[in-house]
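Engineer:
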Amino acid sequence: MPLCFQELVTPLLIDGAVSPLSPQSPLSASFTSVLPYHKDSGILSEAEAKKAQKALADGNLLEVVFAAIETLRRVPSTRVNIAVTGDSGNGMSTFINALRGIGHEEEASAPTGVVRTTQTRASYSFSCFPDVVLWDLPGMGATSQSLEDYIVEMQFSQYDLFIIIASEQFSMNHVMLAKAIEEMGKKFYIVWTKLDMDLSTRMLTEGQLMKNIRENILENLQKTRVRKPPIFLISSLEPSWHDFPKLRDTLKEDLSDIRYHGPLQNLFHAYKEIINDKVTYLQEKIATNSFQNTPGMRDIDDLAECLKTYRLSFGVNDESLQQLARSMGKESSEYKAIMKSQDLQAVITRGWKLKCLTCRVMKMFLILLSYIPSLDALIAPYIRQEKHNRMLEGVAEDTMTVLKKVLKDFTSS
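Using full-length UniProt numbering, read the sequence shown as starting at 1 and increasing by one per residue.
#1: Using only the alpha-carbon positions, how far apart do methionine 328 and valine 152 sit?
#2: Smallest Cα separation from arginine 248: which of Leu392, Val191, Thr280, Met210?
#3: Roughly how many angstroms lie between the CA atoms of leucine 407 and glutamate 46, to the nearest whole one?
#4: I'd like to check one pair, tryptophan 135 with asparagine 173: are the Cβ atoms closer than 9 Å?
#5: Kindly indicate if chain C contains any beta-carbon less than 9 Å away from that of serine 256.
#6: Buried or exposed for glycine 394, going by 16 or more other Cβ atoms inside 10 Å?
#7: Per DSSP, which residues does tyrosine 281 bridge with? Please list them.
#8: Using C-beta distances below 7 Å, list every residue in its chain close to lysine 336, excluding the 5 sequence neighbours before and after it, in chain order.
#9: Count the CB pairs spanning the region 244-260 and the region 280-287 that are closer than 8 Å, and state whether there are at least three.
#10: Output the residue ranges of the beta strand (DSSP E) runs that lie fully inside the region 185-215 and measure 3 residues or longer, sorted by chain position.
#11: Quick check: isoleucine 274 and alanine 67, are their CB atoms within less than 9 Å of each other?
#12: Per the DSSP calculation, valine 65 is bridged to which residue(s)?
#13: Comparing alpha-carbon positions, which option in Glu397, Leu303, Ser167 lies nearest asparagine 276?
#14: State the start and end residues of the unbroken beta strand (DSSP E) segment that holds alanine 337.
#15: Report the rounded CA-to-CA distance for aspartate 302 versus aspartate 254, giving the unit in angstroms.
#16: I need the straight-line Cα distance from serine 146 to leucine 307, nearest angstrom please.
#17: Using only CA atoms, which one of Tyr271, Leu233, His261 lies nearest to leucine 212?
#18: So aspartate 58 is in the alpha helix (DSSP H); what residue range does that whole segment cover?
#19: Quick one: what does DSSP say alanine 166 is sitting in, helix, strand or coil?
#20: Based on the DSSP secondary-structure assignment, which residues constitute the bridge partners of aspartate 136?
#21: Tell me, which residues are paired with leucine 233 by DSSP?
#22: Among Met364, Leu267, Tyr310, Glu319, which one has its Cα closest to the Cα of glutamate 70?
#23: Could you tell me which of Ile181, Ser127, Ala180, Ser412 sits nearest to glycine 101, measuring between CA atoms?
#24: Can you name the start and end residues of the alpha helix (DSSP H) that alanine 178 belongs to?
#25: Check whether the Cβ atoms of alanine 178 and isoleucine 163 sit closer than 9 Å, and answer yes or no.
#26: CB-CB under 7 Å to histidine 388, same chain, minus the five flanking residues each way: which ones, in chain order?
#27: Please state whether the Cβ-Cβ distance between residue 469 and alanine 98 is less than 9 Å.
#28: Measure the alpha-carbon distance for valine 133 versus methionine 140 and round it to whole angstroms.
#29: I need the straight-line Cα distance from glycine 207 to isoleucine 217, nearest angstrom please.
#30: Quick check on this structure: which residue in Gln169, Arg225, Leu72, Ser412 has the alpha carbon closest to the alpha carbon of aspartate 198?
#31: Residues bridged to leucine 161 by DSSP?
#32: Tell me which same chain residues have a C-beta within less than 7 Å of the C-beta of leucine 209, skipping the five on either side of it?
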């Protein structure tokens, strides 16, 4: 029976009976009435985009998450192209067969042999992942071409992930491949494929040998300042031993990240635009002092109470976070831990500007200023506006942070 990745876990189904919390604070309601519509909302239909805009405007984060998850569930499986490359003779084709869980004698297997067998790139499918294609590339030593020509001829730009195969030694070809792939902004693994041979010929324990191999790979990569990649030491003849199971698990996780990366970035961009529109709208109200009589803003100099109103307006108040956490099967503390606007002190300490505006010296200055009405009328409103702007920006940033965590957790589940 072929070795195969487990099916991706079906993400948590949200109970549709739960009624999304809708704070509808006066600040939210007033923004909803002047809501702009962004035509370029990517994977969202016009109706979905308008619904998301209204939900974010209302501070109904749970409804935003519901809609986003439904959108992500409809995203078709994206084809993922994985390139297997390295030096000739490193056992790339044998590795591909082992990863696919088939023997070299089977009809669909990649050809293997003691002589060079891969002259042109060839593609192979995964039986358990029909939308994943493994590309067996000719080794770097197959021709006398330069690295630049090899990258162009092998069409590196089309691959989503690279697996660099090495054995016996980690050569300069491997290092330069890793450097080139990193400069393209692509993810890659280093896979050492003939650990069984190393163990049979070296007078070292398995642990010490594996440690030496890893250190040698990292030492060579560091010479060209290549970041530390995932490194797996395996035997292609023993696909259930050493790092092979870890390789499968890592690949399964990364396949999910690759598939969802584009749609997630698209959603984040759309949501950020809506949140920025809301921030701009509220900042205009702050600048014109037109929110003084808004419920929840009884005293615009009571920053702690105003912060609560802003958090309610964006849907990141405690009650909203608790309902969101229950719906996602999480603890609200997970979301609160990544927020920087949980309370006034947290907001103040996050940036020097607000810290200066609320320090004791500034408070004394404002008290003295109140005795000079002509100056007080000019300076005090500006200082008040800056305080509120900093708080507002912090709450808006936390809204995006929570949204990103919720949706990333969903796609990785």
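Here a beta-carbon is modelled for each residue, glycine too, at the ideal position from N, C-alpha and C.
Structural biologist: This is what the structure holds:
#1: Going by C-alpha positions, methionine 328 is about 45 Å away from valine 152.
#2: Of the listed residues, the one whose Cα sits closest to arginine 248 is Val191.
#3: Taking the straight line joining both Cα atoms gives about 21 Å.
#4: no
#5: In the structure shown, chain C cannot be found, because there is only a single protein chain.
#6: buried
#7: Looking at the DSSP assignment, tyrosine 281 forms no beta bridge with any residue, so it has no partner.
#8: Its chain contains Leu321, Gln342 as the residues whose beta carbon lies nearer than 7 Å to that of lysine 336, once the 5 sequence neighbours on both sides are disregarded; these appear in chain order.
#9: The answer is no - the region 280-287 does not touch the region 244-260, with fewer than three Cβ pairs under 8 Å.
#10: 187-192
#11: no
#12: Note: valine 65 sits in no beta bridge, so no partner.
#13: Glu397
#14: Where alanine 337 is concerned, there is no enclosing beta strand (DSSP E), given that its DSSP letter is neither H nor E.
#15: 47 Å
#16: 60 Å
#17: The sequence shown places asparagine at residue 212, rather than the leucine named in the question. Per the Cα distances, Leu233.
#18: Residues 46-58.
#19: In the structure shown, alanine 166 sits in a strand (DSSP, three-state: E or B).
#20: Val84, Ala122.
#21: Trp192
#22: Leu267
#23: Ser127
#24: 172-183 is the span of the alpha helix (DSSP H), which, as asked, contains alanine 178.
#25: No, the Cβ-Cβ distance between alanine 178 and isoleucine 163 is not below 9 Å.
#26: Ile286, Cys306
#27: Any question about residue 469 goes unanswered here, given that the chain covers just 1 to 413.
#28: 21 Å
#29: Going by the C-alpha atoms only, they are around 16 Å apart.
#30: Gln169
#31: The partner list for leucine 161 (beta bridge, DSSP) reads Ile82, Lys187.
#32: Asp198, Leu199, Arg202
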